[in-house]
Structure formats: C-alpha cells, structure tokens
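1 is the number of the first residue of the sequence shown in full-length UniProt numbering; add one for each residue after it.
Down below is the structure, laid out as structure tokens.
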Amino acid sequence: MKQHDQVSWTSIISGYAQLGCGDEAFLLFKNMLKSDIKPNCFTYVSIIAACSGLYEALDLGSAVHAHVLRLGFATNSFLVSSLIDFYSKCGRADGAALLFDAATTRDNILYNSMIAGYCQNFYCEDALKLLIQMREEGVSPTNFTMSSVLKACGSLSLLCLGRQVHCLVIKECLVSNVFILSSLIDMYSKSGSIDDARSVFDQTIERNSVLWTSMISGYAHSGRAIEGLELFDCMVKNGCLPDHMCFTAVFSACNHAGLLNSAVEYFDRMTKGYGLVPKLDQYACLVDLHAGKGDLMKAIQLIDEMPFNPNIVMLSSLLSSCKTYGAVDLARKVANRLFQAQPHNAAPYVTMARIYAEAGLWDEFTNIKKLMKQKRIKKSASWSWVEVDGGVHVFLVGDMLHPKSHNIYVLLQQLDLEIKAQCIRQESESNDALL
Numbered sequence: 001m002k003q004h005d006q007v008s009w010t011s012i013i014s015g016y017a018q019l020g021c022g023d024e025a026f027l028l029f030k031n032m033l034k035s036d037i038k039p040n041c042f043t044y045v046s047i048i049a050a051c052s053g054l055y056e057a058l059d060l061g062s063a064v065h066a067h068v069l070r071l072g073f074a075t076n077s078f079l080v081s082s083l084i085d086f087y088s089k090c091g092r093a094d095g096a097a098l099l100f101d102a103a104t105t106r107d108n109i110l111y112n113s114m115i116a117g118y119c120q121n122f123y124c125e126d127a128l129k130l131l132i133q134m135r136e137e138g139v140s141p142t143n144f145t146m147s148s149v150l151k152a153c154g155s156l157s158l159l160c161l162g163r164q165v166h167c168l169v170i171k172e173c174l175v176s177n178v179f180i181l182s183s184l185i186d187m188y189s190k191s192g193s194i195d196d197a198r199s200v201f202d203q204t205i206e207r208n209s210v211l212w213t214s215m216i217s218g219y220a221h222s223g224r225a226i227e228g229l230e231l232f233d234c235m236v237k238n239g240c241l242p243d244h245m246c247f248t249a250v251f252s253a254c255n256h257a258g259l260l261n262s263a264v265e266y267f268d269r270m271t272k273g274y275g276l277v278p279k280l281d282q283y284a285c286l287v288d289l290h291a292g293k294g295d296l297m298k299a300i301q302l303i304d305e306m307p308f309n310p311n312i313v314m315l316s317s318l319l320s321s322c323k324t325y326g327a328v329d330l331a332r333k334v335a336n337r338l339f340q341a342q343p344h345n346a347a348p349y350v351t352m353a354r355i356y357a358e359a360g361l362w363d364e365f366t367n368i369k370k371l372m373k374q375k376r377i378k379k380s381a382s383w384s385w386v387e388v389d390g391g392v393h394v395f396l397v398g399d400m401l402h403p404k405s406h407n408i409y410v411l412l413q414q415l416d417l418e419i420k421a422q423c424i425r426q427e428s429e430s431n432d433a434l435l
C-alpha cells in the first residue's frame with residue numbers, strides 16, 4: 001500500500017497493540033504524527049493501550065494524554081475510559097479518579113472503567129461507593145463490574161464488603177451469570193467462608209467447568225484439599241470434562257496438602273487420559289511440590305525438560321525451597337537468573353542474603369548487601385489491612401498516619417502487657433505443679 005490513510009495507520013497500530021508489541025506500536029504512532037495524517041479517537045485508544053505495557057509507561061501515556069487534550073478529544077467516552085484504564089494499570093488510581101470526576105457525562109463505560117481501576121489497586125471501599133452511586137444515577141453495572149469488585153474483595157479477604165456486593169448482585173438479578181457466580185465462590189473462599197462458597201455452588205443449577213474449578217480452588221485455598229480432590233472426581237462422574245484451568249486447581253490442592261504422588265498421578269491423567277498438553281502453570285505446581293519436599297534435583301530436571309522458560313514465580317518458589325534446605329550452590333544459580341530477569345526486584349537479593357547468613361557465609365552476605373546498595377535496591381514496604389465495622393484500614397509496620405494511631409499503640413501496649421502477665425502466671429502455675 002503506497003498511500004496510508006487514517007484507517008490503515010490506526011489498523012496497524014491497533015494490531016501491534018493487541019499483540020503486546022507496544023514499542024512497535026509507539027514507533028508507528030510517532031511516524032504517523034510526522035506524516036500529514038492526523039490520529040483519531042480510535043488511534044489514541046490503541047496507543048494508550050500499547051503504552052501500559054512499556055517500560056516508561058507513565059511518561060509515554062502522559063504525553064499521549066497531552067495530545068488528546070490538545071486535539072480536543074477529552075470528552076470522548078471511549079477515550080477517557082482508556083485513559084482511566086491506563087492510569088489504573090500504572091498504579092495511579094488518583095489520576096484515573098481525576099479524569100472520572102472531570103467527565104461531564106458519566107455513562108456505563110466510564111463507571112465500569114473507574115470501578116475496575118479501583119479494584120485493580122485494591123481500593124475496594126471506593127469501588128463499592130461508586131457502584132452504589134452508579135445505581136443511584138440509574139446506570140446499570142455490568143457483569144464485569146460486579147465480578148471485578150468481588151475479586152478485589154476476595155483478594156483482600158473483605159467478607160463484609162463482599163456480602164454487600166452479593167446483595168447488589170441479587171438486586172440486579174445477576175445471580176445466573178457464570179462469571180459472577182465464580183467470583184462469589186472465589187470471594188467467599190478467600191475471605192475464610194468456604195461454607196458460604198459451597199452454598200453458592202450448591203444453589204447453581206447448571207455447572208460448567210468454570211464453577212467446578214472455582215469450588216475446587218476454594219477448597220485448596222481453605223486448606224481442605226481432600227474435599228477439593230473429591231469434588232474433582234464428582235465433576236468427572238457428572239460428565240464435565242476438566243480443562244487446563246481445572247487441572248491447575250487440582251495441582252494447587254495437591255500442593256497445599258503436600259500430596260506429591262497424587263499430583264504425579266493427576267499429571268498422568270491429564271496428559272494420557274484427557275490428551276491435554278501441560279502448560280507452564282501445571283509444571284509450576286509440580287516443580288513447587290518436588291522442591292517443597294526437598295527433591296530439588298527433580299525440580300530442576302522438570303524445569304529443564306519442560307518446553308517453556310521458567311517464569312519469575314517458579315524461580316522464586318525454587319529459591320525459597322533452596323533456603324529451606326540450605327542448598328547454597330543451587331540457590332546462587334537460581335538467584336542469578338532472577339537477577340537477570342528482574343534486576344531491580346529486591347526479593348531475590350533479600351532471600352540470598354538470608355541464605356548466606358544462615359550458612360555463615362558472611363563475606364557473600366556483605367557482598368550482596370553492597371550490591372543492593374550500589375543498585376539502589378530497597379525492600380518494598382508491606383502493607384496490611386483490617387476490616388472494622390465495614391471499613392477498611394490500611395497500615396505499615398510502625399505506621400503513625402492513622403488519626404487514632406496514639407490510641408491504637410496504647411491499646412497494643414496494654415495487650416502486650418496482658419499477654420506477658422498471662423504467660424508469667426501460666427509459667428508460675430506450671431512450676432508450682434512440678435513442686
């Protein structure tokens with residue numbers, strides 16, 4: 001094609017963006033800007049989607065946002081929705097909220113994008129408030145919206161909020177949707193209410209592999225792996241064929257219960273009985289099981305034999321097992337692969353430092369600490385949260401930002417004193433009994 005028009009430019013940029021080739025898409029976008037052809041709303045939607053996967057995503061996306069404002073496209077619902085999605089994926093829910101608040105008209109698309117953005121960043125309360133506001137303004141939430149909020153509640157184990165969303169699901173007559181039912185099972189399972197999850201499952205009239213898999217995963221997550229495996233057998237007897245996701249749930253159940261032999265048997269059933277070619281997730285479960293049992297050589301053998309490169313999760317799990325069993329040499333090899341894959345991720349450096357310390361290799365311990373300092377690698381802060389009276393409170397270790405932090409620390413000190421006093425009393429009673 002000699003002459004490129006707006007449609008052809010947009011099509012090729014969109015194609016690269018959908019394939020995850022963000023760099024190529026952005027290069028084409030820059031070439032388009034140099035030509036006489038101006039981008040339209042669809043072009044910007046595609047390039048914004050491409051930006052979210054790039055290394056300097058926030059800077060590039062902000063530059064595209066400036067273009068959008070300059071060309072007067074800022075009121076287009078699809079475009080604003082794409083920007084909200086972009087900022088949310090970059091961890092900037094505040095930026096996404098500014099765009100949402102500035103919108104003169106808020107339709108189903110904008111509400112769903114903002115709620116999904118809050119959920120991605122675990123602002124569950126804000127998502128629920130917006131969901132209620134959405135309904136009050138007569139805008140109907142979609143299945144995707146409800147599913148997003150439920151998944152976020154499950155990820156944070158927010159049972160009270162999850163129950164509220166369940167009530168909204170019933171009011172909106174969405175209880176027959178498979179993906180919402182699956183999200184409800186997932187939410188209750190992760191929130192420590194596996195019996196409620198089973199109740200949702202039992203009330204379902206038509207069960208497909210998605211629902212069976214969700215319930216099996218729920219049992220695995222709740223430490224009731226045997227019931228999960230029994231449910232798998234029940235699923236097969238009911239004529240529902242298991243897929244890759246289902247077998248991943250089965251392997252997860254075996255993993256939680258440490259059932260290595262059972263996992264190997266299910267692996268054979270998957271490949272020989274159902275003709276399914278194992279994927280990375282299934283290999284990862286087997287590797288984790290072998291490594292967890294201390295058979296590190298078998299774990300390495302599986303990694304070498306599988307037709308995939310190991311991902312970060314698999315290598316990190318193997319490194320953790322190396323720490324458990326004091327396999328310093330193997331840990332060093334695994335850590336080097338993690339250093340190359342994610343040079344600024346603090347986790348493998350911290351794990352290696354602990355491995356060296358436990359092995360008494362203080363020179364290596366010092367070297368790894370120096371390397372972290374040189375590369376300016378710092379361990380990221382770990383947030384915790386607690387649900388009190390339907391509200392979610394997020395905090396760090398030693399956090400003093402809460403308005404009632406003084407009262408909280410006084411109460412913690414009182415609890416600490418009471419626990420110590422109780423321990424002293426029990427120790428004294430034990431000594432008296434011996435005398």
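All residues carry an ideal CB built from backbone N, CA and C; glycine is no exception.
Keeping to the same chain, check which residues put their C-beta closer than 8 Å to that of residue i; ignore five residues upstream and five downstream.
{"i": "C246", "result": "S209, W212, T213, I216, F232, M235"}
{"i": "N143", "result": "L174, N177, F179, I180"}
{"i": "G239", "result": "none"}
{"i": "K369", "result": "A353"}
On the three-state DSSP scale, how would you describe residue i?
{"i": "E230", "result": "helix"}
{"i": "T104", "result": "coil"}
{"i": "N121", "result": "coil"}
{"i": "Y44", "result": "helix"}
{"i": "S183", "result": "helix"}
{"i": "C90", "result": "coil"}
{"i": "I132", "result": "helix"}
{"i": "A63", "result": "helix"}
{"i": "L150", "result": "helix"}
{"i": "I424", "result": "helix"}
{"i": "Q203", "result": "coil"}
{"i": "M1", "result": "In this prediction, M1 has a pLDDT of 47, which is less than 50 and means its spatial position is unreliable; what the coordinates show is noted afterwards. Correct three-state label for M1: coil."}
{"i": "Y325", "result": "coil"}
{"i": "Y144", "result": "First, the residue type needs correcting, since residue 144 is Phe and not Tyr in the sequence shown. Helix."}
{"i": "R70", "result": "helix"}
{"i": "T248", "result": "helix"}
{"i": "C254", "result": "helix"}
{"i": "K190", "result": "helix"}
{"i": "N112", "result": "helix"}
{"i": "G218", "result": "helix"}
Note down the Cα distance separating residue i from residue j, rounded to an integer number of angstroms.
{"i": "I48", "j": "Y87", "result": "10 Å"}
{"i": "R425", "j": "L417", "result": "12 Å"}
{"i": "F100", "j": "L130", "result": "11 Å"}
{"i": "residue 445", "j": "S321", "result": "Given a span of 1 to 435 for the chain in the structure shown, any question on residue 445 remains unanswerable."}
{"i": "S317", "j": "L371", "result": "22 Å"}
{"i": "C173", "j": "S82", "result": "28 Å"}
{"i": "M1", "j": "L110", "result": "Any answer about M1 is weak, because its pLDDT of 47 lies below 50 and its placement is not dependable; what the coordinates show is given next. About 37 Å."}
{"i": "L19", "j": "I226", "result": "40 Å"}
{"i": "S262", "j": "L229", "result": "10 Å"}
{"i": "C41", "j": "A17", "result": "15 Å"}
{"i": "S155", "j": "Y283", "result": "24 Å"}
{"i": "L168", "j": "L415", "result": "38 Å"}
{"i": "M306", "j": "S140", "result": "46 Å"}
{"i": "A57", "j": "N121", "result": "17 Å"}
{"i": "G218", "j": "F251", "result": "13 Å"}
{"i": "I377", "j": "M314", "result": "22 Å"}
{"i": "C21", "j": "A347", "result": "28 Å"}
{"i": "L330", "j": "K298", "result": "13 Å"}
{"i": "I300", "j": "P242", "result": "28 Å"}
{"i": "H67", "j": "G15", "result": "21 Å"}
{"i": "Q164", "j": "T204", "result": "20 Å"}
Measuring CA to CA, which of the options is closest to residue i?
{"i": "L71", "options": "L159, L33, T105", "result": "L33"}
{"i": "A257", "options": "L241, A220, T271", "result": "A220"}
{"i": "E137", "options": "D107, S222, E206, M297", "result": "D107"}
{"i": "D304", "options": "V334, A327, S155, K293", "result": "V334"}
{"i": "T324", "options": "G218, M314, G294", "result": "G294"}
{"i": "S193", "options": "K420, F73, L159", "result": "L159"}
{"i": "A249", "options": "Q133, G275, Y349, L286", "result": "L286"}
{"i": "C51", "options": "T43, D23, K30", "result": "D23"}
{"i": "S157", "options": "V139, I185, Q133", "result": "I185"}
{"i": "D196", "options": "S222, R332, C254", "result": "S222"}
{"i": "N311", "options": "L338, H65, M297, A291", "result": "L338"}
{"i": "E358", "options": "L412, V328, Q374, N336", "result": "V328"}
In chain order, what residues of the same chain have a beta carbon less than 7 Å from the beta carbon of residue i, not counting five sequence neighbours either side?
{"i": "D126", "result": "Y118"}
{"i": "A103", "result": "V80, L110"}
{"i": "V64", "result": "Y44, I47, I48, C51"}
{"i": "G273", "result": "none"}
Please go through the same chain and pick out, in chain order, the residues whose beta-carbon is closer than 6 Å to the beta-carbon of residue i, but skip the five residues on each side of it.
{"i": "S183", "result": "S147, L150, K151"}
{"i": "C153", "result": "C124, L161, G162, M187"}
{"i": "I37", "result": "Q6, W9"}
{"i": "T145", "result": "N112, I115"}
At 3 residues or longer, and completely inside the UniProt repeat "PPR" (5-39): list those beta strand (DSSP E) runs for me, N to C. Runs of the beta strand (DSSP E) inside the UniProt repeat "PPR" (5-39): none found.
Which runs of the alpha helix (DSSP H) at least 4 residues long sit entirely within the segment 336-379? Give them in chain order. Runs of the alpha helix (DSSP H) lying entirely within the segment 336-379 and spanning at least 4 residues, in chain order: 346-358, 362-374.
Whole alpha helix (DSSP H) elements within the segment 258-316, 4-residue minimum: Runs of the alpha helix (DSSP H) inside the segment 258-316: 260-268, 280-292, 296-305.
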